[in-house]
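Student: Everything in the sequence shown is counted per numbering that gives the first Met the number 0, starting at 0 for the first residue and increasing by one. Just so you know, even glycine gets a beta-carbon here, dropped at the ideal spot from N, CA and C.
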Amino acid sequence: METTFRELAELCEKLESTTKRNLMVNLVSEFIKKLSVEEVEPAISMILGRPFPKWDQRTLEISWATISSIIRKLTSLDWKFFLESFNETGDVGEATRRVFEKSKMRRQSMLIEKPLTILEVRRNFEEIAEVSGVRSREKKERLLEALLGLATPLEAKYIVKILIGEMRTGFHEGLMELAVAKAFGIPHEIIQQATMMRGDIGEVAFIAKKEGREALLKLEFKIFHPIKPMLAQMTENVEKAIKEHGGKTAFEYKLDGARIQIHKSGNTVRIFSRRLTEVTESLPEIIELVRKEVRAKEAILEGEVIAVDEKGKPLPFQHLMRRFRRIRQIEDIKKAIPVKLYLFDALYIDGENLIGLPYIERRRKLADITGNIPLTKQIVTDNVDEAEAFFREAIEAGHEGLLAKKLDSPYTPGIRGKKWFKIKTSLEPLDLVIVAAEYGYGRRHAWLSDYYLAARDEETGEFLIVGKTFKGLTDKEIVEMTERLKKLTIRREARRVIVIPKIVVEVAYNEIQRSPKYKCGMALRFARITRIRDDKSPEEADTIQRLKEIYESQFKHKAKWKIEP
Ligand code: AMP
0 METTFRELAE LCEKLESTTK RNLMVNLVSE FIKKLSVEEV EPAISMILGR PFPKWDQRTL
60 EISWATISSI IRKLTSLDWK FFLESFNETG DVGEATRRVF EKSKMRRQSM LIEKPLTILE
120 VRRNFEEIAE VSGVRSREKK ERLLEALLGL ATPLEAKYIV KILIGEMRTG FHEGLMELAV
180 AKAFGIPHEI IQQATMMRGD IGEVAFIAKK EGREALLKLE FKIFHPIKPM LAQMTENVEK
240 AIKEHGGKTA FEYKLDGARI QIHKSGNTVR IFSRRLTEVT ESLPEIIELV RKEVRAKEAI
300 LEGEVIAVDE KGKPLPFQHL MRRFRRIRQI EDIKKAIPVK LYLFDALYID GENLIGLPYI
360 ERRRKLADIT GNIPLTKQIV TDNVDEAEAF FREAIEAGHE GLLAKKLDSP YTPGIRGKKW
420 FKIKTSLEPL DLVIVAAEYG YGRRHAWLSD YYLAARDEET GEFLIVGKTF KGLTDKEIVE
480 MTERLKKLTI RREARRVIVI PKIVVEVAYN EIQRSPKYKC GMALRFARIT RIRDDKSPEE
540 ADTIQRLKEI YESQFKHKAK WKIEP
């Protein structure tokens, strides 16, 4: 018998009501144990707030405007009740549950329906994702209406949460790895390693259930199946990087562009962004270049694309992002915004998995096959003066700074460790999520130009406001942002709109202060938006825990100043 979606929703309710990690892991591992092979991946994806596994390129493409109109139609309730519930809970899913609960008409029809199962919900998501072409919006709407029409109030709560991608249970991927390890009695490291390789814990759990531990140990990369990128930690200067890396390290230019992962098999080349979404169609000239130059039948390579002017000088990041958004008129924009590729890593070449090899060897293997495609400029040194000169050179050439890569380090997918350091000139900006906005004054009265910025609380999954700013965007960007935020609006109160947390922006600031103004007790001073990060998802935004760390480290500096005037 198939597991019902109700059981999954009830599990999520339990997760929501506790912050005890052990308890959460136990609950989820008991739940996973009971699932059939086919149910494992869909259930895990849904518990993590995703309709499909992470590497899957299908999306539902349903806006909040559409979801809310369906809820209205199904419950035929005064929308004011939804807004009141939202005000009380701050949670779209919970507000949905309450309106479903209140709507009597719905409760009667429930008695005759048979319960929804996890697999049925997945099939419905698949159908919605497959709709394309003319009138696709209406078709998607009808499918979703049918699905929500079958849902109980509690089920509707979680369907809506999955649709908007915000679970708020505090149960994240790292805890899911623990739960899967526990459920199948497989050591955590093996699960972690396999997840690195496949980029998705749901798929790993499926393999564990179907084929067992041995199969996990033998897992290999799959071409066209993107891998989570290795990340870099911030450090203050080149000297620290050299020291941390044992006296000698490799420095590379840090290019201010977009990271891409290139998968090649014969003549087929596909490109994925750092969010693991496919961007092949946005970069036709890079595809051509790779086909022409790369001397390997099969390869998974990593690099950075930057926008350049006619002379090949780097242009600001914003220009590049336009390339990724405008898929339709790609030919025009290709001419207007030329891009250049620099490669910096190789994860797989012709049947050989390279991630366990030292960085310096991977780089050698990369250089062997890349033909005329340049690599990021690099030096290997133990000399602080030389490294500082290289840093200045990078900044003068229009780049962001340097990366320091430990010579003997393996490639660790998805991990932000000390093997890679990034070194930039100023205080590291934060990536924050817009959760509300206000209409401006005067010239800006018709635009949502003042933004509330939030960081994610790792413990609860909630987005907490840490600052507000109207600085940084151009008029054109504000107009575009207004349109995007309107589509995400949950509720309007006077001049302010509350929106679904979807849009990530990079924010520079001068200091983090203690402040009673916001729930988290901190506020950014002089926040200003430095760019729109469409290449990042809200999940990847900076966390409250990270802000606390920065706050503490500021404090350390200040204390030091007192001692050394
Ligand atoms: P972060 O994403 O904040 O961890 O910073 C590292 C980012 O810098 C990577 O994701 C790349 O997009 C970018 N980057 C620029 N140049 C390089 C390089 N030479 N090696 C690795 N990453 C680079």
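Could you name the residues of the same chain whose beta carbon sits closer than 7 Å to that of tryptophan 54, not counting the 5 residues immediately before and after it, in chain order?
Tutor: So the list reads Gly198, Asp199, His224, Pro225 and Leu275, once near-sequence residues are dropped.
Student: Look at isoleucine 372 and leucine 342 and say whether their C-beta atoms are less than 7 Å apart.
Tutor: Contact: yes.
Student: How would you write the range of the alpha helix (DSSP H) that isoleucine 158 sits in, first residue to last?
Tutor: Segment 152-163, the alpha helix (DSSP H) holding isoleucine 158.
Student: Here's a check: name, in chain order, each residue in its chain whose Cβ is nearer than 6 Å to the Cβ of proline 201, leaving out the five neighbours to either side.
Tutor: Reading off the sequence, residue 201 comes out as glycine, not proline. Counting only Cβ-Cβ distances below 6 Å, and skipping sequence neighbours, we find Glu40, Ile43, Ser44 and Pro52.
Student: Would you kindly check if the distance between the Cβ of isoleucine 222 and the Cβ of glutamate 292 is under 7 Å?
Tutor: No, the pair does not count as a contact, with Cβ atoms beyond the cut-off.
Student: Indicate whether the contact test is met: 3 or more Cβ pairs, each with one atom in the segment 444-461 and one in the segment 382-398, closer than 8 Å.
Tutor: They do not touch, by the three-pair rule.
Student: Pull up the CB-CB distance for valine 203 and valine 179, whole angstroms please, since I reckon it's below 8 Å.
Tutor: Confirmed, about 7 Å.
Student: Within 6 Å: the Cβ of phenylalanine 343 and any heavy atom of ligand 1?
Tutor: At least one heavy atom of ligand 1 is nearer than 6 Å to the Cβ of phenylalanine 343, so yes.
Student: Among Leu218, Glu6 and Leu14, which has the Cα closest to the Cα of glutamate 38?
Tutor: When each option's Cα is compared against that of glutamate 38, the closest is Glu6.
Student: Suppose contacts are defined by Cβ-Cβ distances below 7 Å. Is leucine 431 in contact with valine 506 by that definition?
Tutor: Going by C-beta atoms, leucine 431 is nearer than 7 Å to valine 506.
Student: Among the residues of its own chain, which have a CB less than 6 Å from the CB of leucine 484, if the five just before and after it don't count?
Tutor: Excluding residues within five positions, the ones whose Cβ falls inside 6 Å are Ala436, Leu447 and Val498.
Student: Does DSSP put isoleucine 185 in a helix, in a strand, or in coil?
Tutor: Three-state DSSP puts isoleucine 185 in coil, outside helix and strand.
Student: Which of the three DSSP states, helix, strand or coil, is assigned to tyrosine 358?
Tutor: Correct three-state label for tyrosine 358: helix.
Student: So, under 8 Å CB-CB, proline 228 and arginine 258 are touching, yes? Tell me the CB distance rounded to an integer number of Å.
Tutor: Proline 228 to arginine 258, Cβ: 6 Å. Contact.
Student: Using DSSP with H/G/I as helix, E/B as strand and the rest coil, what is lysine 559?
Tutor: Residue confidence is low: lysine 559 scores 31 on pLDDT, short of 50, so the model does not pin down where it sits. No coordinate-derived value is stated.
Student: Assign arginine 167 to one of two classes, buried (16 or more other C-beta atoms within 10 Å of its C-beta) or exposed (fewer than that).
Tutor: Buried, by the Cβ-count rule.
Student: Does the contact criterion of 3 or more C-beta pairs under 8 Å hold for the segment 16-33 versus the segment 122-138?
Tutor: No: fewer than three Cβ pairs fall under 8 Å.
Student: Under 8 Å by Cβ, that's how I've got isoleucine 464 and phenylalanine 85 pegged, so tell me the actual separation to the nearest angstrom.
Tutor: Contact flag wrong, Cβ pair sits at about 16 Å.
Student: Just to confirm my understanding: we take alanine 522, look at its own chain, exclude 5 residues before and 5 after, and list those with CB closer than 7 Å. What are they?
Tutor: So the list reads Val465, Gly466, Gln512, Ser514 and Lys516, once near-sequence residues are dropped.
Student: Helix, strand or coil for asparagine 123 per DSSP?
Tutor: Helix at asparagine 123.
Student: May I have the straight-line CA-CA distance separating isoleucine 190 from alanine 214, to the nearest angstrom?
Tutor: Cα to Cα, the separation comes out at about 11 Å.
Student: With contact counted as at least three CB pairs below 8 Å, one residue from each stretch, are the segment 310-319 and the segment 377-393 in contact?
Tutor: Flag = no, the segment 310-319 and the segment 377-393 do not touch.
Student: The alpha helix (DSSP H) spanning phenylalanine 4 covers which residue range?
Tutor: 4-15 is the span of the alpha helix (DSSP H), which, as asked, contains phenylalanine 4.
Student: Tell me which residue opens and which closes the beta strand (DSSP E) that serine 272 is part of.
Tutor: Per DSSP, serine 272 belongs to the beta strand (DSSP E) from 267-272.
Student: In angstroms, rounded to a whole number, what distance separates the CA positions of arginine 324 and glutamate 301?
Tutor: Going by the C-alpha atoms only, they are around 21 Å apart.
Student: Quick one: does the C-beta of leucine 314 sit closer than 6 Å to a heavy atom of ligand 1?
Tutor: No.
Student: Measuring only from the beta carbon, is arginine 258 closer than 6 Å to any heavy atom that is part of ligand 1?
Tutor: Under cutoff, so the answer is yes.
Student: Decide if proline 152 is buried, meaning its Cβ has at least 16 other Cβ atoms within 10 Å, or exposed.
Tutor: Counting Cβ neighbours within 10 Å, proline 152 comes out buried, since at least 16 surround it.
Student: Does the Cβ of leucine 10 have 16 or more other Cβ atoms within 10 Å, making it buried, or fewer, making it exposed?
Tutor: It counts as buried.
Student: In angstroms with no decimal places, state the Cα-to-Cα distance between valine 379 and glutamate 482.
Tutor: If I take the Cα positions, the gap works out to 47 Å.
Student: Give me the Cα-Cα distance between glutamate 563 and glutamate 235, rounded to the nearest whole angstrom.
Tutor: Here glutamate 563 scores only 28 on pLDDT, less than 50, and its place in the model should not be relied on; the value that follows carries that caveat. Whole-angstrom Cα-Cα distance: 19 Å.
Student: Between the segment 57-75 and the segment 143-163, can you find at least three pairs of beta-carbon atoms closer than 8 Å?
Tutor: A contact exists between the segment 143-163 and the segment 57-75.
Student: One question on the structure: do arginine 212 and alanine 128 come within less than 7 Å of each other, judged by their Cβ atoms?
Tutor: Contact flag unset, no.
Student: Taking C-alpha atoms, which residue in Glu492, Thr459 and Ala445 lies nearest to lysine 475?
Tutor: Among Glu492, Thr459 and Ala445, the Cα nearest to that of lysine 475 belongs to Ala445.
Student: By alpha-carbon positions, which one of Arg49, Glu277 and Ile477 ends up nearest to arginine 530?
Tutor: For the residues Arg49, Glu277 and Ile477, the minimum Cα distance to arginine 530 belongs to Ile477.
Student: Give every residue of the same chain whose Cβ lies closer than 7 Å to the Cβ of glycine 439, excluding the five residues on either side of it in the sequence, and list them in chain order.
Tutor: Excluding residues within five positions, the ones whose Cβ falls inside 7 Å are Trp446, Ser448, Asp449 and Phe469.
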